[in-house]
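Q: Numbering-wise (this note's numbering), the sequence shown opens with residue 136 and increments by one.
Shown below is the structure under consideration.
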Amino acid sequence: MTIATGIGSMPGTDLSEALRIVLDTAGDLPFVPELPARGVHAGMIGRTLALLSGLEADLQPDGWRVGVGEGGDVRRARSLLAQDLDVAEELAHEHAGPVKIQVTGPLTLAATVERPRGDKMLADHGARREISESLAEGLRAHVADVRRRFGRADVVVQVDEPAIAAVLDGGVPTASGWSRHRSVHPPEADALLRNVVEAIVDGGARPVVHSCAPDVPVELLAGAGFTAISFDLGLARPDDVWAETFEKGVDLWFGVVPSTDAPGVTDQLLASRVRTFLDRFGFGVESHAQRLVVTPTCGLAGGSPQWAGRALQLAAATAERLEG
């Protein structure tokens with residue numbers, strides 16, 4: 136059975152309302168929403184920094200910085216996350232089946248978060264390793280907490296890596312803006328990702344990776360141990376690496392529903408795009424339906440509240456259409 140889910144973010148500031156929409160539209164694979172409209176504490180970076188173990192963070196004028204002691208902003212992020220999980224537990228604790236949570240991956244964290252003396256953690260090999268290990272250790276406790284709260288559910292952890300292509304290609308600007316950080320080579324990127332994947336698996340959860348960037352490094356992500364790759368179909372080139380990865384058992388999550396308001400889009404059109412992609416490689420949709428998931432192209436926080444619900448409905452309708 137092909138199912139649908141969301142990437143993570145939703146518009147608005149009312150988690151209960153957002154979660155009710157998720158449960159009504161993506162009930163086969165619900166997710167705990169992120170509501171960045173509540174502030175940086177609730178965004179993908181702040182939310183993930185709240186999970187780090189042994190590495191404290193604080194919000195500075197230039198953005199999040201680690202290694203400067205625990206600040207009020209990260210405490211706020213931790214409090215919001217705990218409150219959100221309380222609400223999710225209250226509304227969905229009886230859910231049986233998969234339930235998804237999201238975290239920012241180590242490469243995107245390194246490209247976004249600053250070191251104690253400034254500039255990104257990406258600039259230093261030791262800092263990159265440190266944030267990966269801190270995230271992995273924090274995830275062990277986080278996954279255990281989520282599994283306790285949703286005792287009948289199978290936990291899926293989506294690792295968001297929107298900056299991965301820029302990190303690998305040396306496209307992340309330095310603090311001055313006049314140059315770029317050196318690229319992180321695939322063997323090191325693999326090690327940084329693998330730390331996180333192993334923590335997820337050790338915790339009894341399923342690791343999935345999402346990137347809405349072009350040129351998703353499919354082979355690298357599959358090699359790091361992710362069991363599914365979530366991607367923006369409109370940005371993906373139909374290279375053979377997709378077919379080879381799918382044949383090796385890595386599932387594909389197709390981001391086809393626009394993440395911002397797009398009147399006139401139909402589930403028929405979206406389903407045809409998925410079929411066209413798979414047909415290029417000779418994969419019949421019906422025979423692989425249980426390995427496909429339909430999603431929006433990215434988070435829905437940039438759309439209207441009405442579109443967020445409509446987008447998830449479209450994803451579910453597209454998934455249903457692919458089965459037939």
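Glycine included, each C-beta is placed from N, C-alpha and C at the ideal position.
(1) Is it true that the CB of Gln237 sits closer than 8 Å to the CB of Asp149?
(2) Can you give me the Cβ contacts of Glu455 inside the same chain, cut-off strictly under 7 Å, excluding the 5 residues immediately before and after it?
(3) Please classify Asp221 as buried or exposed, where buried requires at least 16 other C-beta atoms within 10 Å of its C-beta.
(4) Tell me the DSSP secondary structure of His345 in three-state form.
(5) Would you list, in sequence order, the uninterrupted alpha helix (DSSP H) runs of no fewer than 4 residues that lie entirely inside the region 289 to 314?
(6) Can you give me the C-alpha to C-alpha distance between His423 and Gly306, rounded to a whole angstrom?
(7) Note down, in chain order, each residue of its chain lying with its Cβ closer than 7 Å to the Cβ of Leu405, except the 5 sequence neighbours on either side.
(8) Could you check where the alpha helix (DSSP H) with Gly181 kicks off and where it finishes?
(9) Quick one: is Thr247 buried, meaning 16 or more other Cβ sit within 10 Å of its Cβ, or exposed?
(10) Tell whether a beta-carbon distance below 8 Å holds between Phe412 and Leu370.
(11) For a minimum of 4 consecutive residues, which ranges assigned as the alpha helix (DSSP H) are wholly contained in the region 227 to 261?
(12) Cα separation between Phe418 and His316?
(13) So is Trp388 in contact with chain B if we call contact Cβ pairs under 8 Å?
(14) Pull up the DSSP beta-bridge partners for Pro431, would you.
(15) Between Val291 and Val319, what straight-line distance do the alpha-carbon atoms span, to the nearest angstrom?
(16) Which residues does DSSP list as the beta-bridge partners of Glu169?
(17) For Gly444, report the span of its alpha helix (DSSP H) as first-last.
(18) What distance in whole Å lies between the Cβ atoms of Ala334 and Leu274, which are believed to be in contact at a cut-off of 8 Å?
(19) Taking the C-alpha atoms as reference points, what is the distance between Glu224 and Leu242?
A: To lay it out plainly:
(1) no
(2) none
(3) exposed
(4) strand
(5) 299 to 304
(6) 36 Å
(7) Val391, Val392, Leu449 and Thr453
(8) Met179 to Leu184
(9) buried
(10) no
(11) 241 to 247
(12) 40 Å
(13) Absence of chain B from the displayed structure is noted, only one protein chain being present.
(14) Val392
(15) 27 Å
(16) Ser144
(17) Pro440 to Glu458
(18) 5 Å
(19) 30 Å
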